[in-house]
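Visitor:
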Amino acid sequence: MKLVSYYISRHLSRLLFLLVAVPMLVAEPLPLQRAVQLALSHSTASGAASADEQRAFASYHEARNQYLPQVILGSGLGASWGFPLSLEGSAPSIINVNAQSALINPALRDFVRAAKTEWKSSGMQTKDQRNQVIQDTVLSYAELSKWETLQSHLHEEQAAALKMEQVVNERVQEGIDSSLARNKARLSTARVRMRMAEAQGAVDVLRNRLSQMTGIPASSIETIPGSIPPLPEVKQEDNLAGQALEVSPSVKAAEHHATAQSFRARGEHRAMWPAVDFAGQYALLSRYNNYDQFYKSFDRHNATLGVAIRFPFLSPSQHAHAAAADAEALRAKKDAEAAKNRVSEETLKLQRAVEQLGAAHEVADLEYQVAQSNLEASQVRMDAGTATLHDVEDARMQANERYNALQDTSFELQKARITLLRATDE
Numbered sequence: 212m213k214l215v216s217y218y219i220s221r222h223l224s225r226l227l228f229l230l231v232a233v234p235m236l237v238a239e240p241l242p243l244q245r246a247v248q249l250a251l252s253h254s255t256a257s258g259a260a261s262a263d264e265q266r267a268f269a270s271y272h273e274a275r276n277q278y279l280p281q282v283i284l285g286s287g288l289g290a291s292w293g294f295p296l297s298l299e300g301s302a303p304s305i306i307n308v309n310a311q312s313a314l315i316n317p318a319l320r321d322f323v324r325a326a327k328t329e330w331k332s333s334g335m336q337t338k339d340q341r342n343q344v345i346q347d348t349v350l351s352y353a354e355l356s357k358w359e360t361l362q363s364h365l366h367e368e369q370a371a372a373l374k375m376e377q378v379v380n381e382r383v384q385e386g387i388d389s390s391l392a393r394n395k396a397r398l399s400t401a402r403v404r405m406r407m408a409e410a411q412g413a414v415d416v417l418r419n420r421l422s423q424m425t426g427i428p429a430s431s432i433e434t435i436p437g438s439i440p441p442l443p444e445v446k447q448e449d450n451l452a453g454q455a456l457e458v459s460p461s462v463k464a465a466e467h468h469a470t471a472q473s474f475r476a477r478g479e480h481r482a483m484w485p486a487v488d489f490a491g492q493y494a495l496l497s498r499y500n501n502y503d504q505f506y507k508s509f510d511r512h513n514a515t516l517g518v519a520i521r522f523p524f525l526s527p528s529q530h531a532h533a534a535a536a537d538a539e540a541l542r543a544k545k546d547a548e549a550a551k552n553r554v555s556e557e558t559l560k561l562q563r564a565v566e567q568l569g570a571a572h573e574v575a576d577l578e579y580q581v582a583q584s585n586l587e588a589s590q591v592r593m594d595a596g597t598a599t600l601h602d603v604e605d606a607r608m609q610a611n612e613r614y615n616a617l618q619d620t621s622f623e624l625q626k627a628r629i630t631l632l633r634a635t636d637e
C-alpha cells in the first residue's frame with residue numbers, strides 16, 4: 212500500500228511540474244506597445260540618464276540654497292587656565308550657533324543660472340535617450356517580425372525544393388535528366404537551407420536583444436505583425452531638416468549646455484566683483500572659563516549680527532580660471548553648432564533615403580509580381596506540355612529570390628522611416 216502511495220505521489224508531482232513548466236516554455240505573443248513599455252522600464256541607459264538628470268537637479272538646488280541661511284549648532288567645552296583662549300577659532304562656549312548666507316553675490320547668481328540650465332540640458336539628454344530606446348526596440352521588433360514571417364515562407368520553399376530534388380533524382384535514375392540537373396536541384400535545396408540558417412540566427416539574436424531590453428525570456432518572445440502601426444508617408448517638399456532642428460532633444464541639450472557654460476564663465480569673471488554675505492553668531496559662555504576675571508561687564512549671552520563685505524582686487528589665479536572658463540564656453544558653443552549641422556545633415560539624408568528606398572520597394576514589388584506571374588505561366592505551360600519541369604523550377608527560384616528581396620527592401624524602408632520619425636521627434 213505504501214508503495215502504491217509512493218508511485219501516486221511521484222506521478223502527481225511530475226504532473227504538477229509539467230502543468231507549471233510547460234506554459235512557461237510556450238512563446239507568448241508580445242505586442243509592440245507592450246515591448247516598448249517594458250524596454251523603457253528596464254533600460255539601463257535610460258536609467259543612467261535619469262540619474263544624471265537627478266544629479267543635475269540636486270546641483271542646481273545646492274547652488275540656489277546658498278542664498279538661504281546655513282545654521283550650525285555646536286558647543287566648544289573646555290577648561291581655561293589664565294586668559295580664555297579660543298577653541299578652533301571660537302571662544303569656549305556651552306552652546307554656539309552660527310548662521311551664514313549669501314546676500315549680494317554676482318558670481319553666485321550666474322552659477323545658479325548655469326546649474327539650472329545644465330539641469331535643463333540633462334533633461335533633454337534623458338528625453339533623447341528615451342527616444343533612442345524606443346527606436347531600438349521598434350527596429351528590433353520590426354526586424355524580428357520580418358524574419359519570423361520569412362521563416363514560414365522558407366519552410367514552404369524547403370518543402371518544394373526537397374520535393375523537386377526527389378523528382379529530379381528519380382528522373383536521373385530513369386535516364387531522363389543528367390547529373391547536372393541533380394546538382395542544380397541539390398544547390399537549390401542548399402541555398403534554401405542556408406537562408407533558413409541565416410533566418411534562425413537572426414531570430415535568435417533579435418529575441419535575445421529584445422529579452423535584454425524588456426526583461427522577458429527570449430524563448431517566450433513572439434511578435435504580432437499587426438501590432439506594428441502603419442508609418443506616415445514622407446513628403447520630399449517638407450522642410451524636415453528645419454523641423455528636426457527645432458525639436459531635436461540632442462540639439463536642445465547641446466544649446467543648453469553651451470548657455471550653461473557661458474553663465475559659468477561669466478560667473479568666474481564676476482567672482483572678482485565685490486560680494487556681501489550675511490553672518491550671525493550666538494554663544495552661551497560659561498563662568499569657569501575665567502571670562503568674569505578679564506572682562507568687567509561679563510554677560511553669558513552674546514550675539515553678533517552683520518554683513519561680511521569682500522573686495523577681491525588682486526587674484527591672478529582667478530583671472531586664469533576665468534580665461535579657462537571662457538575657452539570651455541567657446542568649445543561648448545562650437546559643439547552646439549556642430550550638433551545642429553549633424554542633425555540637419557542626417558535628417559536630410561534620411562528624407563532622401565526614404566524617397567530612394569520607396570522607389571526601390573516599388574521596383575522590388577513589381578519584380579516579385581512579374582516573377583510570380585512567370586511562375587504561374589510556367590505551370591500552365593507545363594500542364595499544356597510546352598514547358599519542362601526545370602522551367603517551372605527556375606521560375607519558382609526566381610520568384611523566391613524576388614520575394615526575399617522584397618522583404619529586405621520593405622524592412623530597410625521601414626527602418627529609414629522610423630529613424631526619420633525619431634529625428635523629427637514624432
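Taking the numbering used here, the leading residue of the sequence shown gets 212, the next gets one more, and so forth. Virtual Cβ for every residue (Gly too), placed ideally from N, Cα, C.
In its own chain, which residues sit with a C-beta less than 8 Å from the C-beta of PRO234, not counting the 5 before and 5 after it?
Guide: As a working mapping, residue 234 is identified with position 23 in the sequence shown. With a pLDDT of 41 at PRO234, under the threshold of 50, the modelled position of this residue cannot be trusted; read the value that follows with caution. Correct list: empty, nothing qualifies.
Visitor: Near GLN454, which residues of its chain fall below 7 Å by C-beta distance, leaving aside the five closest residues on each side in sequence?
Guide: Looking up residue 454 in the sequence shown gives position 243. The residues are THR635.
Visitor: Give the DSSP-derived three-state secondary structure of TYR506 in the structure shown.
Guide: Here the question's residue 506 lines up with position 295 in the sequence shown. Here TYR506 sits in coil by DSSP.
Visitor: Looking at the secondary structure, which residues open and close the beta strand (DSSP E) in which THR515 lies?
Guide: On the sequence shown, position 304 is the one that residue 515 refers to. Per DSSP, THR515 belongs to the beta strand (DSSP E) from 512–521.
Visitor: Do ALA540 and SER473 have their beta-carbon atoms positioned less than 8 Å apart in this structure?
Guide: On the sequence shown, residue 473 is found 262 positions in, with the first residue counted as 1. On the sequence shown, residue 540 is found 329 positions in, with the first residue counted as 1. Yes, Cβ-Cβ distance for SER473 and ALA540 is below 8 Å.
Visitor: With three or more C-beta pairs closer than 8 Å as the rule, is the region 325–338 touching the region 514–524?
Guide: Contact fails: fewer than three Cβ-Cβ distances are below 8 Å.
Visitor: Taking only three categories from DSSP, how would you classify GLU457?
Guide: The count along the sequence shown starts at 1 and reaches residue 457 at position 246. Helix.
Visitor: Determine the closest residue to GLN583 out of TRP484, GLU604 and HIS572, with distance taken between C-alpha atoms.
Guide: Locating residue 583 in the sequence shown gives position 372, counting from the first residue. Looking at the Cα atoms, GLU604 is the closest of the given residues.
Visitor: Just to confirm the assignment, what range does the alpha helix (DSSP H) spanning ASP263 have?
Guide: Residue mapping note: residue 263 aligns to position 52 of the sequence shown, counting from 1. 255–275 is the span of the alpha helix (DSSP H), which, as asked, contains ASP263.
Visitor: Which runs of the beta strand (DSSP E), 3 residues or longer, sit entirely within the region 297–334?
Guide: Counting whole runs of 3 or more residues, the region 297–334 contains the beta strand (DSSP E) stretches 304–315.
Visitor: What first and last residue would you give for the beta strand (DSSP E) that runs through PHE491?
Guide: Reading the sequence shown from its first residue, position 280 is the one you call residue 491. It is Gly, not Phe, that sits at residue 491 in the sequence shown. GLY491 -> beta strand (DSSP E) spans 486–495.
Visitor: Among ARG607, LEU600 and LEU251, which residue has its Cα nearest to the Cα of ASN585?
Guide: Residue numbering aside, residue 585 sits at position 374 when the sequence shown is read from its first letter. It is ARG607.
Visitor: Helix or strand or just coil, what does DSSP make of LEU284?
Guide: On the sequence shown, residue 284 is found 73 positions in, with the first residue counted as 1. LEU284 falls in the strand class under three-state DSSP.
Visitor: Using only the alpha-carbon positions, how far apart do GLU444 and GLU433 sit?
Guide: In the sequence shown, counting from the first residue as 1, residue 444 sits at position 233. In the sequence shown, counting from the first residue as 1, residue 433 sits at position 222. Taking the straight line from one Cα to the other gives about 28 Å.
Visitor: Helix, strand or coil, according to DSSP, for PRO234 in the structure here?
Guide: Locating residue 234 in the sequence shown gives position 23, counting from the first residue. Its pLDDT being 41, under 50, PRO234 is placed unreliably by the model, and the measurement read from it follows with that caveat. Three-state DSSP puts PRO234 in a helix.
Visitor: Taking 8 Å as the cut-off, decide whether the C-beta atoms of THR630 and ALA571 are in contact.
Guide: In the sequence shown, counting from the first residue as 1, residue 630 sits at position 419. In the sequence shown, counting from the first residue as 1, residue 571 sits at position 360. Going by C-beta atoms, THR630 is not nearer than 8 Å to ALA571.
Visitor: Pick out whichever of VAL379, THR360 and ILE439 has its Cα sitting closest to the Cα of MET407.
Guide: Against the sequence shown, residue 407 aligns to sequence position 196. Selected option, being the one with the closest Cα: THR360.
Visitor: For GLU433, write down the residues that DSSP places opposite it in a beta bridge.
Guide: Locating residue 433 in the sequence shown gives position 222, where the first residue counts as 1. In DSSP, GLU433 forms a bridge with PRO240.
Visitor: Helix, strand or coil, according to DSSP, for PHE474 in the structure here?
Guide: Numbered from its first residue, the sequence shown carries residue 474 at position 263. In this structure, PHE474 counts as helix in the three-state DSSP scheme.
Visitor: For the region 397–417 and the region 368–375, state whether three or more C-beta atom pairs, one from each stretch, are separated by less than 8 Å.
Guide: Yes, since at least three Cβ pairs between the region 397–417 and the region 368–375 fall closer than 8 Å, the two stretches touch.
Visitor: How many Å lie between LYS545 and GLU367 at the Cα?
Guide: The count along the sequence shown starts at 1 and reaches residue 545 at position 334. The count along the sequence shown starts at 1 and reaches residue 367 at position 156. Taking the straight line joining both Cα atoms gives about 57 Å.
Visitor: Mark MET405 as exposed unless 16 or more other C-beta atoms lie within 10 angstroms of its C-beta, in which case mark it buried.
Guide: Residue numbering aside, residue 405 sits at position 194 when the sequence shown is read from its first letter. Exposed: under 16 other Cβ atoms inside 10 Å.
Visitor: Grouping DSSP H, G and I as helix and E and B as strand, with all else coil, what is PRO376?
Guide: Here residue 376 corresponds to residue number 165 of the sequence shown, with the count starting at 1. One point to set straight first is that residue 376 is Glu, not Pro, in the sequence displayed. In the structure shown, GLU376 sits in a helix (DSSP, three-state: H, G or I).
Visitor: Less than 7 Å between C-beta atoms, sequence neighbours within five positions excluded: which residues of the same chain meet that for PRO428?
Guide: Working through the sequence shown from its first residue, we reach residue 428 at position 217. Hits under 7 Å: SER422.
Visitor: Could you tell me the distance, in whole angstroms, from the CA atom of ARG628 to the CA atom of SER351?
Guide: Position 417 of the sequence shown, counted from the first residue, corresponds to residue 628. Position 140 of the sequence shown, counted from the first residue, corresponds to residue 351. Answer to the nearest angstrom: the Cα atoms are 14 Å apart.
Visitor: For TYR493, which residues in the same chain have their Cβ closer than 6 Å to its Cβ, ignoring the five residues on either side in sequence?
Guide: In the sequence shown, the residue the question calls residue 493 occupies position 282. Closer than 6 Å at the Cβ level, and outside the excluded window around TYR493, lie VAL308 and ALA514.
Visitor: Could you please give the first and the last residue of the uninterrupted alpha helix (DSSP H) stretch that includes MET424?
Guide: As a first step, residue 424 is located in the sequence shown; it is residue number 213 there, counting from the start. Counting along the chain, the alpha helix (DSSP H) containing MET424 begins and ends at 390–425.
Visitor: What residue range is occupied by the uninterrupted alpha helix (DSSP H) comprising SER621?
Guide: By one-based count along the sequence shown, residue 621 stands at place 410. From DSSP, the alpha helix (DSSP H) with SER621 extends over 600–634.
Visitor: Compare the Cα-Cα distances from PHE322 to each of GLY285, ASN450 and GLN277 and report the closest residue.
Guide: As a position in the sequence shown, residue 322 is number 111, starting the count at 1. Nearest option by C-alpha distance: GLN277.
Visitor: Give the C-beta separation of ALA547 and GLU479 to the nearest angstrom, bearing in mind that I take them to be a contact with Cβ-Cβ under 8 Å.
Guide: Numbered from 1 along the sequence shown, position 336 holds the residue referred to as residue 547. Numbered from 1 along the sequence shown, position 268 holds the residue referred to as residue 479. 20 Å between Cβ atoms; not a contact.
Visitor: Are the Cβ atoms of ALA464 and GLN336 separated by less than 8 Å?
Guide: One-based indexing of the sequence shown puts residue 464 at position 253. One-based indexing of the sequence shown puts residue 336 at position 125. Going by C-beta atoms, ALA464 is nearer than 8 Å to GLN336.
Visitor: Out of THR328, ALA482 and LYS357, which has the shortest C-alpha to C-alpha gap to GLN529?
Guide: Position 318 of the sequence shown holds residue 529. Ranking the options by Cα distance to GLN529, first place goes to ALA482.
Visitor: Grab the span of the alpha helix (DSSP H) containing GLY569 for me, first residue to last.
Guide: For the purposes of this step, residue 569 is taken as residue 358 along the sequence shown, with counting starting at 1. It spans 527–595 - the alpha helix (DSSP H) in which GLY569 sits, taken as one unbroken run.
Visitor: Contact criterion: CB-CB distance below 8 Å. Does ASN501 meet it with respect to chain C?
Guide: Among the chains in the structure shown there is no chain C, since it carries only a single protein chain.
Visitor: Please report the Cβ distance between ALA326 and TYR271, rounded to the nearest whole angstrom; I am assuming they are in contact, meaning their Cβ atoms lie under 8 Å.
Guide: Sequence index remark: in the sequence shown, residue 326 carries index 115 (1-based). Sequence index remark: in the sequence shown, residue 271 carries index 60 (1-based). About 4 Å separates the two Cβ atoms, so the contact holds.
Visitor: Using the three-state DSSP reduction, which class does LYS446 fall into: helix, strand or coil?
Guide: For this step, residue 446 is matched to residue 235 along the sequence shown. Residue state, collapsed to three classes: coil.
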